[in-house]
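> Counting along the sequence shown from 1, when you hit position 97 you're at 115 in this note's numbering, and nothing is skipped either side.
From the three backbone atoms N, C-alpha and C, an ideal C-beta is built for every residue, glycine too.
Every value quoted in this text rests on a predicted model; they were computed, and no experiment measured them.
Pasting a structure here, questions to come.
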Amino acid sequence: MCGWDSTVPCECTSSSGWICSWSGQQVVRMSVQVRHGGWGSLMAADKSKNEEGDMAKSSRRRFLRAGGLAAIWTIVPQWGCDSNSVKFREMPAAPEMEIDGEPMTSDQLPEPSITSNDRFYLQSINGQAYDPNIKSENWSMKIDGLVDNAINSLTYADILAMPMQRQVMTMQCIGNWIGGPLIGNAEWGGTRFSDVLNLAGPTSEATYVKFTSVDQCTTSIPIERAMRDNVMLVWEMNGEVLPSKHGYPIRLINPGHYGQKMPKWITHIELINENYLGYWESKPENRPFRWSNDAFATINSRVDAPLSIWDDVRDPGNGGVVYTLQNIRTGPEGTFLIHGIAIAGEGSVERVEVSTDGGTTWNDATIATTSSPNIWVTWVYEWELPIGGKF
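Following this line, the structure appears as structure tokens:
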């Protein structure tokens with residue numbers, strides 16, 4: 019049996035729950051069974067891969083099932099998505115969902131919920147704390163390769179003088195797990211990447227754009243993806259100057275892909291005629307999971323309330339684990355609020371279903387924000403608590 023649908027052919031492996039994948043569609047089905055003060059089970063399906071291991075392009079229809087009385091990121095592998103194997107408890111927490119310190123109701127969810135810069139997840143080939151501390155006056159970017167007019171020094175002032183646009187986009191690490199914290203939603207400000215490329219004039223032979231960053235991280239993207247209007251070089255994040263750890267002075271925003279394809283601290287752009295495998299793409303097969311060459315963003319969801327938190331203080335340290343429920347929300351007339359976020363890559367989230375009985379029955383949650391490609395939605399389910407029994 020795979021997830022809740024045994025009719026779909028798939029491959030399943032067990033590691034802190036079930037992780038299932040199949041070609042041609044992407045579905046997340048999660049059921050979390052929680053007793054008072056205890057932890058139950060997880061079954062999920064996510065991140066379809068094709069035969070070559072790359073993320074399969076998803077269908078436009080999206081369907082999510084989130085079971086919960088607890089956030090599923092409390093049972094996760096003890097490795098993150100960088101070379102330093104950052105542990106979950108070192109990751110930034112999810113944004114708090116409170117209004118003036120009072121429990122929220124279903125009509126008070128943020129629209130859309132924006133992740134503040136200081137709570138936005140961090141990642142680099144040198145670990146989360148890496149900060150090159152670049153001075154914009156000492157920085158410039160080179161554009162060369164298969165172009166008509168190579169640019170040896172495009173300065174920060176040159177880029178800021180170009181037409182500006184803003185867009186909201188959700189970014190997620192390719193190593194994020196179902197319900198994990200390596201995801202954030204921000205408003206990005208900058209200029210169209212195609213306008214920058216056109217300054218150099220890519221030739222007809224150019225098929226890929228290669229990026230090199232100050233930390234020597236490299237990657238490439240197809241030129242047809244690079245020339246989309248929503249691909250940007252940005253210098254603002256949530257209305258502020260792009261923070262240093264998030265890529266200042268300039269980073270790429272590439273909707274529809276994981277952060278692997280959104281390099282920070284860019285110093286060199288080269289137009290080439292082959293699919294260059296960069297730092298992450300060329301990782302050997304003995305990594306915890308296979309890296310994708312394309313890194314198309316796929317479906318994911320997360321329960322933000324209530325949370326089931328590993329209590330380090332009460333953990334006896336001998337293999338025992340103590341979980342406590344936090345971030346509990348009550349709704350109108352004594353209902354219990356279960357809410358979170360969901361995203362469907364370049365598609366739109368059509369439905370979110372919640373199960374409070376281990377997957378026996380499913381109920382529609384309310385999608386509280388407008389569903390758009392590349393932006394998460396917030397969802398909420400008002401649950402009437404049963405009298406007695408387990409849940």
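Please name the residue or residues paired with H275 in a DSSP beta bridge.
Answer is F314.
> Rounded to a whole number of angstroms, what is the C-alpha to C-alpha distance between V370 and T384?
So the alpha carbons of these two residues sit roughly 7 Å apart.
> What did DSSP end up calling T387 once you bin it into helix, strand or coil?
Three-state result, T387: coil.
> For a quick check, are the C-beta atoms of I268 and I284 less than 8 Å apart?
Yes.
> Are at least three pairs of beta-carbons, each pair with one atom in the stretch 159 to 171 and one in the stretch 288 to 298, less than 8 Å apart?
Yes, since at least three Cβ pairs between the stretch 159 to 171 and the stretch 288 to 298 fall closer than 8 Å, the two stretches touch.
> Rounded to the nearest angstrom, how far is the Cβ of T225 from that of E299, given a contact under 8 Å?
Actually they are not in contact, since the Cβ atoms of T225 and E299 sit about 16 Å apart, beyond 8 Å.
> What did DSSP end up calling R246 once you bin it into helix, strand or coil?
Of the three classes helix, strand and coil, the one that applies to R246 here is coil, per DSSP.
> Should the stretch 391 to 402 be called in touch with the stretch 354 to 363, which here means at least 3 C-beta pairs below 8 Å?
Yes: at least three Cβ pairs fall under 8 Å.
> Could you say which of G145, M189, Q141 and A175 lies nearest to S154 if we only look at CA atoms?
Taking only the C-alpha atoms, the option nearest S154 is A175.
> Quick check on the burial criterion: 16 or more other C-beta atoms within 10 angstroms. Buried or exposed for Y341?
Note that Y341 scores 44 on pLDDT, short of 50, meaning its location in the model is unreliable; the coordinates nonetheless yield the value given after this. Answer is buried; the Cβ neighbour count reaches 16.
> Starting from the C-beta of T353, find all residues in its chain whose C-beta is less than 7 Å away, skip the five residues before and the five after it, and write them out in chain order.
Hits under 7 Å: E400, W401 and E402.
> Take every Cβ of the stretch 255 to 269, pair it with every Cβ of the stretch 202 to 217, and state whether three or more of those distances are shorter than 8 Å.
Because the criterion of three Cβ pairs below 8 Å is met, the stretch 255 to 269 and the stretch 202 to 217 touch.
> Within its chain, find whatever has a CB closer than 8 Å to the CB of W380; leave out the 5 residues flanking it on each side and keep chain order.
Same-chain partners within the cutoff: R83, E371, V372 and S373.
> Need the endpoints of the alpha helix (DSSP H) that A218 sits in, please.
Element bounds for A218: F211 to A218.
> Among the candidates H357, D213 and F229, whose CA atom is the shortest distance from the CA of M245?
Comparing Cα-Cα distances from M245 to each of H357, D213 and F229, the minimum goes to D213.
> Do you know whose CA, among E223, Y297, I143 and A147, lies nearest S262's CA?
Measuring from the Cα of S262, the nearest candidate turns out to be A147.
> Tell me whether K282 sits in a helix, a strand or coil according to DSSP, three-state version.
In the structure shown, K282 sits in coil (DSSP, three-state: anything other than H, G, I, E or B).
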